[in-house]
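A.B. asks:
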Amino acid sequence: MSMSINTPAGVLCAGNVVFDMLVHPVDRLTWGATTWVETIGQSMGGNGANTSYALARLGTPVRLIAVVGDDNYGDEMLSGLHSAGVDTSAITRAWGASATTISLVRSDGNRLFLHKPGVNLHALPEPIEFTARLLRGVTHFHLANPFGLPAFRAHAAETLRRAKAAGLRTSLDAAWDSQGRWLEDLGPCLPYVDLLFVNEEEAQMLTGLSDAIEAARRLHELGAKTVVVKLGSRGCMHYSGGEPSFTKAFPVEVVDTTGAGDCFAGGFIAALQRGLPLEGAARFANAVGALSVRRVGSVAGLLSWEETEEWMAMAEQRLQP
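Heads up: the sequence shown runs through residues 3 to 323, numbered per our numbering.
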């Protein structure tokens, strides 16, 4: 992970890497019949991979801790991450099949996932040890979807504690808990989290509160320093105590929302690494999230930092009366 004098400090990310098969559009399924679609494609996916790719695309040095299988899918994902500029030196090859997801995408961008965890089922079975090699050049640790790594989820809190002890700013993107344990596993993490990313559904599942503001307050009370709630087409809200702050979304034509939350998190962290305040980071993250939904695939619509700033300026001009 090389850096120059004008390069922001790096990010160490841990999370899942998944090979995605994308089918679009799928608005209705009839068992026993043939459904014609416009696109059947493949893409690198997984919360850890998507967020790391977004950071690298935005010019932020990033090193990813993950596991992929010893198959062709693993080869393709490693190659794609490396080509994007992600430091893949901390990605382990394990015997077995890489994680795979079939994503059925509706015309409105909503999707349904069929997931085979593969080697992610047993990935990272111990807390991460923050060695000098892992820490080189980084100031921020991001944990992308601990729920997606079943053997690791019990070690997430200890890993975040170690990250804080190593002097890193920390963030965690909750994602969906297919096991339904939610706060039982995530609660112990929160005192060590500087920035918690959740969407509205995740916030409700974690707290039992349907109101996003009340849910954010509760998660803050449980230890998260700042809670960022992703609100989809309504933008986002961040809460650090006191009054919540809302940031409007950039209107775009939605094609596929797969990975939008991961790209949003990558944009938010990239902005913080460049010294932007929370309000500026929220605005920039909304732009990155909006760009990601314009194309089929998690990261196909992303732009560089400079291109994203130009897109934001043009988008805001179009919104002026």
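Quick reminder that beta carbons are idealized off the backbone N, C-alpha and C, glycines included. Bear in mind the structure is a predicted one, so any value in this text is a computation, not a measurement.
Which residues share a DSSP beta bridge with S173?
C.D. replies: Working through the sequence shown from its first residue, we reach residue 173 at position 171. S173 is bridged to H144 and L197.
A.B. asks: Counting beta carbon pairs with one atom in the segment 13 to 22 and one in the segment 71 to 81, are three or more of them shorter than 8 Å?
C.D. replies: As far as the Cβ criterion goes, the segment 71 to 81 touches the segment 13 to 22, which means the pair count is three or higher.
A.B. asks: I want to know whether the segment 125 to 137 touches the segment 161 to 169 - three or more CB-CB distances under 8 Å.
C.D. replies: Judged by Cβ distances under 8 Å, the segment 125 to 137 makes contact with the segment 161 to 169, as three or more pairs qualify.
A.B. asks: State the start and end residues of the unbroken alpha helix (DSSP H) segment that holds Q290.
C.D. replies: Taking the sequence shown and counting its residues from 1, one reaches residue 290 at position 288. It should be pointed out that residue 290 corresponds to Val in this sequence rather than to Gln. Its alpha helix (DSSP H) spans residues L280 to S294.
A.B. asks: Can you look up A168 in the DSSP assignment and give me helix, strand or coil?
C.D. replies: Here residue 168 refers to the residue found at position 166 of the sequence shown. Looking at A168 - three-state DSSP - the assignment turns out to be coil, as it is neither helix nor strand.
A.B. asks: Counting only the same chain and skipping the five closest in sequence on each side, list residues whose C-beta sits under 8 Å from that of L341.
C.D. replies: Only positions 3 to 323 of the chain appear in the structure, and residue 341 is not among them; the question remains open.
A.B. asks: For the segment 243 to 260 and the segment 102 to 110, state whether three or more C-beta atom pairs, one from each stretch, are separated by less than 8 Å.
C.D. replies: Yes: the two stretches touch, three or more of their Cβ pairs being nearer than 8 Å.
A.B. asks: When DSSP labels each residue in this structure, what does G76 get in the three-state scheme?
C.D. replies: Numbered from its first residue, the sequence shown carries residue 76 at position 74. G76 falls in the helix class under three-state DSSP.
A.B. asks: What number of angstroms, rounded off, separates the C-alpha of G50 from the C-alpha of T249?
C.D. replies: Locating residue 50 in the sequence shown gives position 48, where the first residue counts as 1. Locating residue 249 in the sequence shown gives position 247, where the first residue counts as 1. Roughly 25 Å separates the two Cα atoms.
A.B. asks: Measure the alpha-carbon distance for D213 versus W97 and round it to whole angstroms.
C.D. replies: As a working note, residue 213 is residue 211 in the sequence shown. As a working note, residue 97 is residue 95 in the sequence shown. So the two alpha carbons sit approximately 44 Å from each other.
A.B. asks: Straight-line CA distance for K227 to D72?
C.D. replies: Residue 227 sits at position 225 when you count from the first residue of the sequence shown. Residue 72 sits at position 70 when you count from the first residue of the sequence shown. About 39 Å.
A.B. asks: Can you grab the Cα-Cα spacing for the pair F115 / F252, in whole Å?
C.D. replies: Position 113 of the sequence shown holds residue 115. Position 250 of the sequence shown holds residue 252. C-alpha separation (whole angstroms): 26 Å.
A.B. asks: What residue does the alpha helix (DSSP H) around L14 start on, and which one ends it?
C.D. replies: As a position in the sequence shown, residue 14 is number 12, starting the count at 1. From DSSP, L14 is part of no alpha helix (DSSP H) but of the beta strand (DSSP E) over G12 to G17.
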